[in-house]
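2 protein chains.
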Amino acid sequence: MKNENSNQPYYLTRQRLHILEILKNTKIHPPVEWIYHQARKEIPHISLGTVYRNLNRLNQLGLVQRLSLGFPFDRWDGDTSPHSHLICKKCGKVLDINVQPKEDLVGQVERKTKFKVENFKIDFHGFCSDCKAK
Amino acid sequence: MKNENSNQPYYLTRQRLHILEILKNTKIHPPVEWIYHQARKEIPHISLGTVYRNLNRLNQLGLVQRLSLGFPFDRWDGDTSPHSHLICKKCGKVLDINVQPKEDLVGQVERKTKFKVENFKIDFHGFCSDCKAK
DNA sequence: ATAGGTGCAAATGTTTTGCTGTCAA
DNA sequence: TTGACAGCAAAACATTTGCACCTAT
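Chains S and E supply the protein sequences, listed in that same order.
Heads up, the first sequence is in the numbering used here, so the first residue is -3 and it goes up one at a time.
Heads up, the second sequence is in the numbering used here, so the first residue is -3 and it goes up one at a time.
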């Protein structure tokens, strides 16, 4: 729906590079607002619109990924390698986890349907160690 | 994050029952607006706020499920049994598919982490038969 | 030089909410 | 009878966009 294959030219601006660096250096899968606040520490006049535009651009370029996990806002991940997510239903924490099924799920799906599958995501919902105790 | 275990009392109003019926009788995983328009055919003065409130309530009750699939709006599913979804990147179509991995993914995750996993979702993104041709 | 990017503010689109009256239990 | 719900409209919230200026290439 959103991922046009864009071979358009693009510039490496300070804002864009810094946003990318922020995402590559955190594991918290932050929302836009958090990225914006981080970015302002380095580039005080950066605007929220610029952050949104760059995230969308970096996503198109395959350098970051948008996570739609059921929160009222998107979260962002600087890690585009295949991996899954653990989402805490209570505190909203998101952790990476590697569970690559041995079965060929894509093959199964394509044999059963007429879809051409490009990728799949597995999200685990539950409670993190801090929250499950309470 | 959103799924409080609500054992609160609730009424079976005409609006609520009709919204539930609409969702149980479609396979298109519709957005709220579509449900609203359907509902107005039967209950012309039903309000959009009522549709939203009832969907959230039915979701709490475990009778329907909210789907956050990366569209700018949520979609809704009247089928709460374990199943996965195929999402067309071009036209936005969403289809059900049954691929229950034979492996115990939840077990794998719980052994690797300190999470208590309640459920997981697998979403397949690609192109439907109509769209992949073009 | 120029196409793409930035900042700012306004606009958009989705979802929630306050309030008053109504209805299921 | 009464507390949950409905309708309506306003508000809240995340995200996008128009415009004038700027800058990476």
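Beta carbons are placed, not taken as given, at the ideal position from N, Cα and C, and that holds for glycine.
Note that the coordinates shown come from a computational prediction; the quantities given were computed from them, not determined experimentally.
Flagged as an interface residue toward chain S: V95 (chain E), by a C-beta distance shorter than 9 Å. Ranked by Cα distance from V102 (chain E), the first of E:G122, E:D126, E:F116 is E:F116. Among the residues facing chain E, G58 (chain S) is not included, as its CB has no counterpart in that chain under 9 Å away.
With its beta carbon at least 9 Å from every one in chain E, Q34 (chain S) lies outside the interface. Contacts with chain S at 9 Å (Cβ-Cβ) do not include N21 (chain E).
Under the 8 Å Cβ criterion, the region 84 to 97 of chain S does not count as touching the region 41 to 55 of chain S, having fewer than three qualifying pairs. Judged by DSSP secondary structure, S80 (chain E) falls within the beta strand (DSSP E) whose first and last residues are 80 to 84. Look at the region 115 to 128 of chain S: the residues with a C-beta under 7 Å from a C-beta of chain E are N115, F116, K117, I118, D119, F120, H121, G122, F123, C124, S125, K128.
Following the DSSP letters along the chain, one finds I39 (chain E) in no alpha helix (DSSP H), marked with neither H nor E. Looking at the DSSP output, R71 (chain E) sits in a beta bridge with E:P27, E:L63. Chain S has a Cβ within less than 9 Å of the Cβ of V113 (chain E). Interface criterion met: the Cβ of T109 (chain S) is under 9 Å from a Cβ in chain E. If you check the CB distance, N94 (chain S) and K128 (chain E) do not come in under 9 Å. For G45 (chain S), no CB of chain E lies under 9 Å from its own CB, so it is not counted at the interface with that chain. Boundaries of the alpha helix (DSSP H) around K108 (chain S): 101 to 108. The secondary-structure analysis by DSSP pairs H121 (chain S) across a beta bridge with S:I83, E:N115.
Neighbours of L54 (chain S) in chain E, taken as residues at a C-beta separation under 7 Å, are lacking, since the least C-beta distance is about 16 Å. Per DSSP, reduced to three states, the secondary structure at V95 (chain S) is coil, with no helix or strand assignment.
For Y32 (chain S), the CB contacts under 7 Å within the same chain, skipping 5 residues up- and downstream, are L44, V47 in chain order.
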